[in-house]
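In terms of my numbering, the sequence shown opens at residue 1140 and continues consecutively.
Glycine included, every Cβ here is placed at the ideal spot set by N, Cα and C.
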Amino acid sequence: MGVVAPCMFIASGRLRRQVPACGIARRARVQLRAAGAIATLERKTAPVARAPLPIPHEAVEMLGPPPPDAVRKETCMRCMWTRPRGRVAAVAASLCSIVAGCALGAAAPAAVSIERLDKALADFNRGAALLEQYRYGEAAEALARVTAAAPDWTAARFNLGLAYLNMQEKDTAGAIDYVALARGAFEAVLAAEPGHRHARYCLGLYHQHLGNNPQALECFQKVYAADPNDAHVMYKLGEALASVDRGDEATAMFEKVVEADGGFVSAVYRLAMQYQRAGKREKALPFFERFKALNAAELAGGSFAVHKAYGTAGKYYRALGADSLPLPAGEPPPARIIFSPEVGTLGAAMAPWQWAGGAVAAPGLACADVDKDGDLDLCLAGAGGEGAVGLFLNDGKGGFTAGGLAAARCVSPCFGDVDNDGAVDLLLGGAGAARVFRNDGTGVFAEFAAFEAPDALVHIARFLDADSDGDLDCLAFALARGAVPAAPGNAGAAAALHNNNRDGSYQDIGARLGLPAAAVAAVVCDDFDDDWDLDLAVFFAGDEGPLMAVNDRLWKYRTLDRAATGLAVRNVLSATSGDPDKDGDRDLLVFTSDGARLFVNEGRMRFKEHAGFTASFGRRGGTSGQFADMDNDGDLDLVIADAARPDGTRGPALLINDWPRDRFLDAVAVDPGNLLGALAVEGAASCIAADLDGNGACDIVLVPSRGPVRIILNMTAGNHWLALDLLGVESRDQKARSNASGIGARVEIKTGAVYQEFAVGVPAGPAAMAPLRVHAGLGKHAKVDWLRITWPDAVLQAELEVAADRTLAIVELPRKISSCPHLFAWDGVRFDFVADFGGMGGLGYLVAPGVYAPPDPTEYIPIPRLAPRDGDYVLQVHEPLEEVVYLDEVKLLAVDHPEGTAVYPHEMMAITLPPPPFEIFCFKDAIEPVKAVDHRGADVTRALRAVDRIYAGAAELDHRFIGLAEPHAVDLDFGDRLRGLESGARLVLVCHGWVEYGYSSTNFAASQAGLACEAPSLFAFRDGAWTPLLEQAGYPAGLNHVMTLDVTGKVLASDTRLRIASNMELFWDRIFLAVDRPDAAVAVKEVAARSADLHFAGYPREYSPDGRLPNLLDYHSMERFSVWKLMEGAYTRFGDVLELLDAADDRYAIMGRGEEVTLKFPVAAFGPVPAGMRRSFILKTDSFCKDMDLYTAHPEGVDPLPFHGMTKFPYDAPEKYPDDERTNAYRAMYNTRVVRTR
């Protein structure tokens, strides 16, 4: 066999640079120099005392300009790892040894140990990972160590600046202004490299944060001049232009953003506002409608709201990778990949089969762990000449036995957990239909759903989460006539996209894709524009050019043709995606009848054919292939099932990625004894690469269209590896957040100089799917420094220091992302958690598509334990999670009542009833039920007898939707205890309990299944049947809440049994009836606070005092940093806010996550407790709150502000927040703490 020339990744000697730690600046190119000298630069700093936050002083001292001897140098091509940014010599000198002969005419600097290099890389990667985890202080520590060791490493200094910028508040102990340190870091980078876009962009964010609008504008203009196509850059420039009253230019810029990205929510809103301010209402209205739709019914990827402030402003606001680090010089020999000479078989003979419209000669192939035993099993379609389906179970050593699955005339198997139950199900395309088979968890499948395609062949069937709502939809392309693989003359049918309603039903929304009813040859579902949703690259048979269906969310797609994308191919057979050039973008490998083509993703949906690959390997062609790291060296190789050979035969081929030398090498050319050269196939074939025997190396499953299936075991040793199973279900309650298979997730792995990026759920041929399990080679590294997952719901998750050489299941973090403000009260010993509040004033809470709950801002919270502290009653109103709170009025009520009585406010989250008026109920004796049983017949009398965190209520949760449960009830038997009820007595039902709120997105998803929350309803058992008394009356509004329901005239003295029923995730602690005593001597005194201070406090840790739910928050165990994101907008400045909390007047103390208001009420103002009386305390509050759920109205910002006169939220014109002298003065004086996240 002749030697095949190596393939250069980028033509004309250009190198695509290594991806940064967070995938930014991916499109940069730089011309490599043939030679250069590497000089040594040393910089000494005097040791100084460390700051209160432990950051080495060098990190502060080195923020100044570089020394005068910092000479611009270029690196030697042979030493290059990533593209140089100009001043790389000092970094090279600091971080690696230079081999003899590398520098031309210059002496090499003193060698640096590998251990020191590894330590610097480890700290660098750790710093980037900590940024991903929003642990900014720790990130700053790690990155400061790197800059101390390598002062001129600009990537490390930039990342350090990012950490400082996100720390925001000053360190009160040492008066360290971290924002100022961020500015110093960015300016130091720019002094060294004036063209550094990331530093210039972030310096613009710094100026914008401080209101230095002209300086911010200058920064964004320079970045825009260098990168005029980035949507975030355009958006920030538009904001800056608007801030200096250049409205027409700002409008034009926002128009460009929306044209480039129709799902960019903030840009849509800003454009609408610009039109409105310019008096162009007819132009504004469509964009306001679009904005409403995006917020009401889609995962608004344009807002990227899953991120905290870090990472939310585009690629230039993400940590950089290890730029300008050289690799050791020399040309080590290419890796030899060794396969076992004992080729296994499955005992299944494959053969082409006929359907009514043509022949199927592409065997179907997929693999997954179907029986949950930890190893990968196989599914084949196309056996025996009848298109039979075979399931083969792995014994863990690469041996297989036949499983039970009866199906025939099928093609295109695809695994995925369609019902989110933790077991992978199976989608099969075939003659007449695509069918879903549900797995019982043991590998036994039964048909669950069928999507009929009469007189057609569904030849492409894929699971994907098209609308990012946490469940798998089914994509199906069918032929009306033709063959598989594709051939000229094929005739297509309409595309089908079956949207999963989560109740076993589906809705076909395929028409929304905007695709013609042409014969589709291949489709790749991947995020090609890095906007956190799945786009579709659709390739057609014959001469018709491919289309890219760009996902703009809200079930809306726009199509780009080959002229727009650069995907100039015809006669396509299949396609797959991967990142072989390690730049973080998803590239495309396309197999055609004319050969194979590699298209490099250049960003913005533009692809460029890789001329080097085409010249070297294009003629090899093939039908099926997969990118996989076959030698575990940290880059993706390419396995092809049926490549052409010079002797006219076809067989498996392995192209070894020889990164960073920008070439593929043919494994047989490198090692003529490689087993693959001795294997041949007849006709088309399919293949996948997966570790079948558990030895940590990817094996090959080779399935020809005719003949036996071959299992080729990979025996290559020497490098480390990590395999990942992604589980988008929280392990405690099994609630779905992302789809349980993780299909659509992106995985990035960094360790030392190794970087790899993967997407879950890509194809491997016309009828083959790559494994859902991610397999990453790590080279010589025994652990992963940093691992990042971007889940399908756009939640970012980072893991640090993950041990290698194992298969690891990673569950999406169970982040309760929103809650109401929490109230803590000083009880004499500690600040004790009382309850959360403000949920009734929730803004923009979606209860059904297009329907929002009306907010009720008033709430009265009993405080059971309150003690004086230095002459005051001290309360903390704290926001622990990612919400914005609009606190308007807070008063403390002292209620004096007779000894032996109890008092409760009239309070609940009213649903069908009007919000209750303020009044105090006074009870002497509780009327307890004699017995209580739940809907299962279980005795819950004891559980409902006392407030003790022992609950009755929801027993079986609906694992699909947070906040929902299977219908449940408590039946309360009062016996004859109501017989003595006096006529006219006011009877009150008192219910203590707690509720797990669903999110707006939960309600949207549940609506597709025809479900909705049903608030508690009250029934009485009369005449042998349950008679409804109050339908969906209301419920306790949060944690540690009590509902007091006036049932006078509803519950009768003759009633003996009552029932409370609901389907909410609701738990009852104590329930009783009581008679109000209106004649009781009850005195209420309302006292205003004497001081109210708004400040940053931190994030209380969760704990459970008894091991049961709900978890509470420990005020005395605070974390300084958290994962919670922050809405952009104008918050109230820190300090005294007493004036704002005196009355409900729409002048709010606006606060975000981690912030609190400390309230002090003078004890003396309440006076002594009268004799014979006892005193209870109730907090009177008036507030609104809003979470950042992407289906909540206006989740991305503080605006629009609520007001008490609004008829609804979101409100429509002409309603608006009051615009008068009083409110304008308030906003100008108080709301000056502006937070920008873009």
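- The straight-line gap separating the alpha-carbon atoms of PHE2342 and GLY1561 is approximately 45 Å.
- DSSP places ASP1387 inside the alpha helix (DSSP H), whose first and last residues are 1386-1399.
- A distance below 6 Å between beta-carbons, with the five flanking residues on each side excluded, links GLY2137 to the following residues of its chain, in chain order: ILE2101 and GLY2102.
- With a beta-carbon spacing of about 12 Å, LEU2340 and ALA2288 fall beyond the 8 Å limit used to define contacts.
- Assigned with DSSP and collapsed to three states, LEU1962 falls in strand.
- Shortest Cα-Cα distance from GLN1936 to any of ALA1389, TYR1273, LYS1258 and ASN1264 involves TYR1273.
- Nearest C-alpha to PRO2175 among VAL2186, ILE2000 and THR2346: ILE2000.
- Straight-line spacing of the CA atoms in ALA1570 and PHE1403 works out to 41 Å.
- Counting C-beta atoms within 10 angstroms of its own C-beta, VAL1550 has 16 or more neighbours from the protein chains shown and is therefore classed as buried.
- In the DSSP assignment, VAL1372 falls within the alpha helix (DSSP H) that extends over 1370-1382.
- ARG1577 has its alpha-carbon roughly 12 Å from the corresponding atom of ALA1589.
- For the 8 Å CB-CB criterion, ALA2231 and LEU2277 form a contact.
- Boundaries of the beta strand (DSSP E) harbouring LEU2251: 2251-2258, taken from the DSSP string.
- Boundaries of the alpha helix (DSSP H) around VAL1407: 1404-1416.
- For TYR1984, same chain residues with a beta-carbon under 7 Å away, outside a window of 5 residues either side, are TYR1991, ALA1992, SER2139 and THR2331 in chain order.
- Under the 8 Å Cβ criterion, the stretch 2140-2154 does not count as touching the stretch 1942-1952, having fewer than three qualifying pairs.
- With a beta-carbon spacing of about 6 Å, ARG2229 and LYS2299 fall inside the 8 Å limit used to define contacts.
- Below 8 Å, too few C-beta pairs join the stretch 1481-1494 and the stretch 1276-1292 to call them touching: fewer than three.
- Ranked by Cα distance from LEU1818, the first of VAL2374, ALA1828 and VAL1807 is VAL1807.
- Between the beta-carbon of VAL1597 and that of ALA1573 there is about 4 Å, and that keeps the pair under the 8 Å contact cut.
- Checking the DSSP bridge columns, you'll see VAL1285 has no partner listed.
- About 19 Å separates the beta carbons of MET2345 and MET2266, which is beyond the 8 Å limit, so they are not a contact pair.
- Two segments are said to touch when three or more pairs of C-beta atoms, one from each, lie closer than 8 Å; by this definition the stretch 2038-2049 does not touch the stretch 2005-2013.
- Contact between the stretch 2089-2109 and the stretch 2166-2183 is absent: fewer than three C-beta pairs spanning the two stretches fall below 8 Å.
- For THR2141, the enclosing alpha helix (DSSP H) begins and ends at 2139-2147.
- One alpha carbon belongs to MET2312, the other to PRO2044, and they sit about 18 Å apart.
- Bounds of the alpha helix (DSSP H) holding HIS1337 are 1336-1349.
- In the structure shown, the three-state DSSP call for SER2230 is strand.
- With a threshold of 16 other beta carbon atoms within 10 Å, MET2048 meets it and is buried.
- Counting along the chain, no beta strand (DSSP E) covers PRO1353; the unbroken alpha helix (DSSP H) around it starts and ends at 1352-1365.
- Under the DSSP assignment, ASN2363 falls in the alpha helix (DSSP H) whose first and last residues are 2360-2369.
- Taking C-alpha positions only, ARG1759 is separated from ALA1617 by approximately 28 Å.
- Counting along the chain, ASN1710 sits inside no alpha helix (DSSP H), nor does DSSP assign it H or E at all.
- The closest CA to that of ALA1338, considering only ASN1352, GLU2105 and GLY1323, is found on GLY1323.
- For ASN1298, there is no enclosing beta strand (DSSP E); the residue is part of the alpha helix (DSSP H) that begins and ends at 1293-1306.
- Between the C-alpha atoms of ALA1735 and GLY1757 there is a straight-line separation of about 5 Å.
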